[in-house]
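Note sheet for the following structure.
Protein chains: 4
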Amino acid sequence: MSIFTARESEIRGYCRVYPVVFDTASNAIQVDDQGKEYIDFFAGAGVLNFGHNNERMKRAVINYIESDGVTHSLDMHSTAKQKFMERFTSTILEPRSMPHKMQFMGPTGTNAVEAALKIARRATGRTQIVAFTHGFHGMTLGALACTANQAFRAASGVPLEHVSHFPFDCTEANAIPGGGADVIEQMRWLYTEGSSGMTPPAAFLVETIQAEGGVNVASKEWLQSLAALAKELGSLLIIDDIQMGCGRTGSYFSFDEMDIDPDIICLAKGIGGWGTPMAMNLIKPEVDKHWNPGEHTGTFRGQGLSFIAGAEALGYFETPDLMDEVKVKGKAMYDAVAPLEEKYESVHIRGRGMVYGVDVGDGATAKAIISACFDDGLLVSACGSGGRVIKLIPPLTIPQDQMETGLATLLKHAEKVLGGGA
Amino acid sequence: MSIFTARESEIRGYCRVYPVVFDTASNAIQVDDQGKEYIDFFAGAGVLNFGHNNERMKRAVINYIESDGVTHSLDMHSTAKQKFMERFTSTILEPRSMPHKMQFMGPTGTNAVEAALKIARRATGRTQIVAFTHGFHGMTLGALACTANQAFRAASGVPLEHVSHFPFDCTEANAIPGGGADVIEQMRWLYTEGSSGMTPPAAFLVETIQAEGGVNVASKEWLQSLAALAKELGSLLIIDDIQMGCGRTGSYFSFDEMDIDPDIICLAKGIGGWGTPMAMNLIKPEVDKHWNPGEHTGTFRGQGLSFIAGAEALGYFETPDLMDEVKVKGKAMYDAVAPLEEKYESVHIRGRGMVYGVDVGDGATAKAIISACFDDGLLVSACGSGGRVIKLIPPLTIPQDQMETGLATLLKHAEKVLGGGA
Amino acid sequence: MSIFTARESEIRGYCRVYPVVFDTASNAIQVDDQGKEYIDFFAGAGVLNFGHNNERMKRAVINYIESDGVTHSLDMHSTAKQKFMERFTSTILEPRSMPHKMQFMGPTGTNAVEAALKIARRATGRTQIVAFTHGFHGMTLGALACTANQAFRAASGVPLEHVSHFPFDCTEANAIPGGGADVIEQMRWLYTEGSSGMTPPAAFLVETIQAEGGVNVASKEWLQSLAALAKELGSLLIIDDIQMGCGRTGSYFSFDEMDIDPDIICLAKGIGGWGTPMAMNLIKPEVDKHWNPGEHTGTFRGQGLSFIAGAEALGYFETPDLMDEVKVKGKAMYDAVAPLEEKYESVHIRGRGMVYGVDVGDGATAKAIISACFDDGLLVSACGSGGRVIKLIPPLTIPQDQMETGLATLLKHAEKVLGGGA
Amino acid sequence: MSIFTARESEIRGYCRVYPVVFDTASNAIQVDDQGKEYIDFFAGAGVLNFGHNNERMKRAVINYIESDGVTHSLDMHSTAKQKFMERFTSTILEPRSMPHKMQFMGPTGTNAVEAALKIARRATGRTQIVAFTHGFHGMTLGALACTANQAFRAASGVPLEHVSHFPFDCTEANAIPGGGADVIEQMRWLYTEGSSGMTPPAAFLVETIQAEGGVNVASKEWLQSLAALAKELGSLLIIDDIQMGCGRTGSYFSFDEMDIDPDIICLAKGIGGWGTPMAMNLIKPEVDKHWNPGEHTGTFRGQGLSFIAGAEALGYFETPDLMDEVKVKGKAMYDAVAPLEEKYESVHIRGRGMVYGVDVGDGATAKAIISACFDDGLLVSACGSGGRVIKLIPPLTIPQDQMETGLATLLKHAEKVLGGGA
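Same order as they appear, the protein sequences are chains G, V, L and Z. With the first letter of the first sequence counted as 1, position 84 gets the number 84 in the working numbering; the numbers rise by one all the way through. Position in the second sequence counted from 1, then plus 1000, gives you the working numbering. Position in the third sequence counted from 1, then plus 2000, gives you the working numbering. Position in the fourth sequence counted from 1, then plus 3000, gives you the working numbering.
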């Protein structure tokens, strides 16, 4: 019996889908302890946008450690943090004229969401949050109340309150009367009518593309309507860009071309970009000023290695090269999987930049395809209701040939499992 | 204007107490960007039990990175995790005949507490948790409901529910009728009487020594009574050993000599021991079996560097050397500060192992001493109500001479601020 | 200074609209202490369907008191209760083949709603209730969470939870995309999709006509769709017929012609019909069996006088006379006020049976009309958002000439206030 | 099968203890439909302090009905209400120099408590309420959260929140360390310590004698300490005098000799005194002014018959006769049952005025005694945890001989059931 079977909690999940022991990894390749190689279309759930053991980051991190750089600093000042903040300001914020402050609140995405909810409630004096169907925002109690998936919610053991859910702008919801775009009008009516039983929320918390929720893509129009509604109601707009930010969609923020102006942006995963954790909220100064020093703490707020790696990651946004590549590779991804949609009625393709979801209609089918891919050396994972969507998020830096091989592997097994077609 | 002033959130805290920029660090010494050295009696709030850039860990981590070891694996199997788990089992669990399973649920302490609450509620089918006055358990909504400090609670913006607070076994509470030890009897009566308005809790969540709460030390008798009550009521006993575990008290667990048998133990901070985050819950198999795979997730559950460093940290528990040292150094710490208690009526010393609190009666006095120490090259921090307790938690590996220098610095400034004495 | 000004709570309300002291009352006439007579189009907010001091009831009540009948019996058996229950069974339940049990739970409507929520939650093992915009269900905390009006909700001082509000099938909501009829489809999708953030409710709580909410009339089709959805989801259908039941709409239940089969029906107000309080829930046996004896109590469950008066009230449903009259008078009411709708763009008429709402578009206009009517000897009151709807609910037994006089008074002042017209 | 078995809800309770059909009643005698007479030591759970069909009230009520007096007026002014308020002011408030305002908020006790909680939360801007073990305050959700009995609480189907329970000053609680009197000190410490996890409550809600809770009698000292603590904390003191007020203890208010000055007093039951419902809160003007007109409503706020009967009831407090009688009869009650306490170790007698509880140690014993008494023509009922206390609350107006007969019946059966004695 392996140590995992003997001693690891029953809650372990991914290791049941990929029942091997991984040993080393480099860019888009993971190698198990038997030496078998896998092409990685999963990228640490969006953390490893720049590949496993990215060379630039690796060197920077080793140098930092060798020089006895501070690895852990809570929210004290450190030179590593200073450099990260300066580079983030000049590379990301200033070119967009964004006045936002940076908050480091603990290195996980769920912590970023919890802190965003706190300051939104404080700044508005309201308690209710609006989140959306299929949204995923984390596992701690405050964030979990915003997460839509019932399997996660049911584990809380207590009522999840102070959050209202409305239909997200996605295919499925659009198919129902009153779903999709109409929901903005419905919310406007509900939140301005004094006898609706509801009062305007502290904030709307939304992803531009719901990654865990099934790669559901919100339209620019819908996001703009939502932003306008938030403004009207005196509610904050919080974009959870944890999985979709940091270059995944072909630009630093997933909403860069949306002409919206979020009050708070939650970042994590790709921001450090190298696998050590990091999270950061960007908060407009007029919202941020409501914080009192130290009232949301966390031991691991000052992650030296993540600052160092994250500063390197910012280098990818100082020249257009990688983002241009993302557009080209993203198109290749779409071109590769789009025929499945034409061939199979049950298949729907959704995505943008270098994230695509292949919705095969049910979880069992997706599982069969994922399992066959795994055996054949490709790591992909499931998302969406019942796990019916195969999510493709390779490192942005994946070499062209590995991407093609991976896509071919996926196509082969998808067609094998889906059968003769419509 | 520094980048911090310009762009960091108003919430920043420690950097206001230590207004310099730290650059490098080694064992118990931190160096700022002007080259000034500080003796560190803070140890990353308990993370750096084995010192900054601990040489053993540093070498192991660099080797791991150089070999392209997996840095980030969610809850997939990895060789780094395998080695950590094997070594934890043989070094810590088996010698104590502990059957507990290990859960990695996200690398922060608050996440460990959130997961512990979930499984306790699931396993018992109850919702209420009992936590204690002055307890500190984290900042995310579920953990925050257990945290006692009103300054933290007030930031939540929503009611904090499903948790009842009772007086902890500490000096202050003991001074009131019905506080301290008596509270066990009170809880027994309340939780077995059908007309008390209360039903038995899912779990009692308790620290053996409340670090953030002011270095309040629970007696063995009290902890045993609490454990017995939990058993009687069918409630779980959860020990939050996040700050006090991993050797701080002179043994791996802070409750090692207490003859209690917790159902769940929350570990974080010192478990990785090197500054990269890691958290782990130990859960009895009969409790753990209530988890469904994947229902509490988190991106950063598989921290390769922390597994590697953490495995090195376990080395310190394979021979008695360091724990013996802790006993000796701890005694020296106590001997150094004990005279303050005799000299000043307002001063109280509390602690065990290598954690001591110097309660100077009010926050302003503590702040003045901490500030003078900082100027004089010693890092100490405040805890307890209103910040009136100076907490001393140097790395366990601090060299003898640095500890003596640090203690002397503290004494000097404490006496200067406290004045002529009683 | 009157005793009212000196000693009555600031919360007093109707007495500010009608600033006189009423002394006597008979059928549809109220007389103040100066001898001035008023035609009553308010009927005790729906309690006095059979008129003030209804002669039949008055005689029966006096005889009962003279004979030392039991006035107060909690939930003991009494002959008065026995007769009421027998007559209710034979007159109302048996002709409709309704198997429902009767629960007397305290004499107020809000208590009926509270008890209905409890048993619905118990029977389904679910917590959430769906209520609707503009719904009114009472003032105690459980019922208040279902009431939609923000002015009432804001007085609670605590979050109102475990209830979700959706748009009711009314004019206003129909005008928004996704409102009105579409909301049934939206709820179906939300409550069957595992990633909506919502789980199916214990019950849908709905009025067929929202009286306090502004005389909003649900269509038969909408109610049937709602009933079908409830059945699909395993949720109970609770009809709050407190203000609209007991003959107001031309039949005993307001849903008699709707072909729906509610699991629970809440009755109060008109059920006693004479002004002493009474409330009763009708509960299907398969739901009712989940009650344990005595777990929802109340001192005033056994109101002897209300049983006696209520039994007399049932006499009005043993022959078709009164209900036939209601149809005729109701048509006359509509014919009288309908021209206002044609003449004024801002005016909308809604209603059925002998309840009509004249929506004049804003609260100030309604207030001016109501005040002028009062001065001119007609009692009408405001309902709906901001009080913009004038509600007409005369006793069902109002003499033809008084009704005509009252309607003429209303028309006169409405036109005076509304002015020249469209 | 009787109509009750066939059609009354399973929740029916008292009728299972007294399985007959009551027909008439006069002062302290109830007569069933077979003509059997019962001496009533239950008095409608405290409603009928002045006896069934009290002659004075009966005449006043019949005259009022005959004259077409207003029976139902919501919160409009009526001459009946005017007279009641004037008489209450001159008889009760002015002699005590009480500045309180009167609020009529719906005729049931639970409604009074709900309204008291609302205004206490509004006036203080706080949400939490402190209630006590064994307290009983009603069945609607807000009041139920304050009620301690788990059998009632469990029926709510949702978490009962925003209320903390502490041990009441009673025998049982006094026996545990930290219970009884000490709890005041414990609360003082908890509510003034910033790291207790608790913030000061909006109000303390307390009965002076817990009737339903088992006739637990708070001492004057404890109530004074509680009142002082409330003042210190800026919390309101709410006395729930619903069952113990209106003369039951030998004075109008049960706290008349306690030298405390409650901010809010909840009255119901005995205030109308004749069996038709009525409830009233007395609120200090500085608290009451926080109400907005109409924000806590209720259909049955203006109960004409109850005002008329209640005004008659006040006559009993204009001369010392009845209260003097209560003292004499109360002593006789105590003298009659006290020997049981001496004779049986398991028996404890508690009470004051004309309310006594005979605690026989367990519910089965109490049930056996109650059942034997019923068969022998005496109505008594159970209260306290598990129903182990026999509660004696005859009408204050019970004739001497009937009281003696009743007490003798009780003694006889108590001894029969309890057996040979200690």
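Ideal placement from N, C-alpha and C gives every residue a C-beta, glycine not left out. Treat the numbers as computed from the prediction; the structure is a model and nothing was measured.
Residue interval of the beta strand (DSSP E) (run including residue i)
i: L1282(V); result: 1280 to 1283
i: V3130(Z); result: 3129 to 3132
i: D259(G); result: Here D259(G) belongs to no beta strand (DSSP E), and DSSP marks it neither H nor E.
Range of the contiguous alpha helix (DSSP H) that encloses residue i
i: M2098(L); result: Run containing M2098(L): none; DSSP gives neither H nor E here.
i: V1337(V); result: 1321 to 1343
i: D241(G); result: Per DSSP, D241(G) belongs to no alpha helix (DSSP H) and is neither H nor E.
i: E86(G); result: 79 to 88
i: H290(G); result: Here H290(G) belongs to no alpha helix (DSSP H), and DSSP marks it neither H nor E.
i: Y3191(Z); result: 3182 to 3192
Buried or exposed by the 16-neighbour rule on C-beta atoms within 10 Å, applied to residue i
i: T147(G); result: buried
i: G2142(L); result: buried
i: T3319(Z); result: exposed
i: M3001(Z); result: exposed
For residue i: DSSP bridge partner residues
i: G359(G); result: The sequence shown places Asp at residue 359(G), not Gly. D359(G) pairs with H348(G), V389(G).
i: N3111(Z); result: DSSP output for N3111(Z) lists no bridge partner at all.
i: Q2303(L); result: H2072(L)
i: D2032(L); result: F2022(L)
i: V3206(Z); result: I3239(Z)
i: Q3103(Z); result: N3281(Z)
i: C3266(Z); result: D3240(Z), N3281(Z)
i: L2379(L); result: D2040(L)
i: F166(G); result: F132(G)
i: E1008(V); result: M102(G)
i: N3027(Z); result: H3052(Z)
i: G1216(V); result: Reading off the sequence, residue 1216(V) comes out as Asn, not Gly. Answer is Q1210(V), bridged to N1216(V).
Among the options, the one whose alpha carbon lies nearest that of residue i
i: H1052(V); options: E1066(V), A1025(V), Y1038(V); result: A1025(V)
i: A131(G); options: S381(G), M105(G), L160(G), P107(G); result: L160(G)
i: A227(G); options: E185(G), T110(G), K331(G); result: E185(G)
i: L267(G); options: T208(G), G214(G), T79(G), S219(G); result: T208(G)
i: M3076(Z); options: V2287(L), A2043(L), E2295(L); result: A2043(L)
i: G35(G); options: D23(G), M354(G), F41(G), A28(G); result: D23(G)
i: L1282(V); options: L1117(V), P1167(V), I1390(V); result: L1117(V)
Residue i: contacting residues in chain V (beta-carbon distance under 9 Å)
i: N424(G); result: Absent from the structure is residue 424(G), since the part of chain G shown begins at 1 and ends at 422.
heavy atom of the ligand ZN below 7 Å from residue i C-beta
i: G294(G); result: The ligand ZN is absent from the structure shown, which contains no ligands of any kind.
Closer than 8 Å at the beta carbon, the chain Z residues around residue i
i: Q1224(V); result: Within 8 Å Cβ-Cβ: nothing; Q1224(V) doesn't reach chain Z, min ~17 Å.
Interface partners of residue i on chain L, CB under 9 Å
i: T133(G); result: W2189, L2190, E2193, S2195, S2196, G2197, M2198
i: V183(G); result: P2177, G2178, Q2186
i: R3056(Z); result: Neighbours of R3056(Z) on chain L: none; closest Cβ ~13 Å, over 9 Å.
Chain-ordered chain Z contacts of residue i [CB-CB under 7 Å]
i: Y2018(L); result: M3076
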